[in-house]
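Heads up: the structure comes next, in structure tokens.
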Amino acid sequence: MQRITFVLFVVSLWLEADPTSLGLLKKTSKEPKPSGYGMRPRGVPFIHGGLYATGVNFSCFTGSKIIPFSYVNDDYCDCPDGSDEPGERSFT
């Protein structure tokens, strides 16, 4: 019983010292993440980073439309195939 109390005490001290250490803060930023291809939008796996290489324009995967890159991952589906909203299942 004393060991459990001690462990709980140590964990509580650890959380007070660094609340991010266990990932307790939410990730709410939609800022791009750095990758080997430059910055990639949130929700894009590393292996698909090249498809979202930042630039002035973004070409939808079907090739049917070219939009400004600032429209990528803006919570509005601009491409008919939903490729401008990575990680959003409702658009695919």
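Mapping of the sequence shown onto mature numbering (1 follows the signal peptide of the UniProt record, and there is no 0): residues -19 to -1, 1 to 73, in sequence order. All C-beta atoms in this analysis are idealised placements derived from N, C-alpha and C, irrespective of residue type, glycine included.
As assigned by DSSP and simplified to three states, the class of residue i
i: residue 40; result: strand
Member of the options whose CA lies at the smallest distance from the CA of residue i
i: residue 55; options: 43, -16, 68, 31; result: 68
i: residue 29; options: 38, 42, 37; result: 42
i: residue 49; options: -12, 27, 36, -14; result: 36
i: residue 61; options: 46, 52, 53, 33; result: 46
i: residue 24; options: 38, 53, -18; result: 53
Outcome for residue i when other beta-carbon atoms lying within 10 angstroms are tallied against a minimum of 16
i: residue 66; result: buried
i: residue 64; result: buried
i: residue 22; result: buried
i: residue 57; result: exposed
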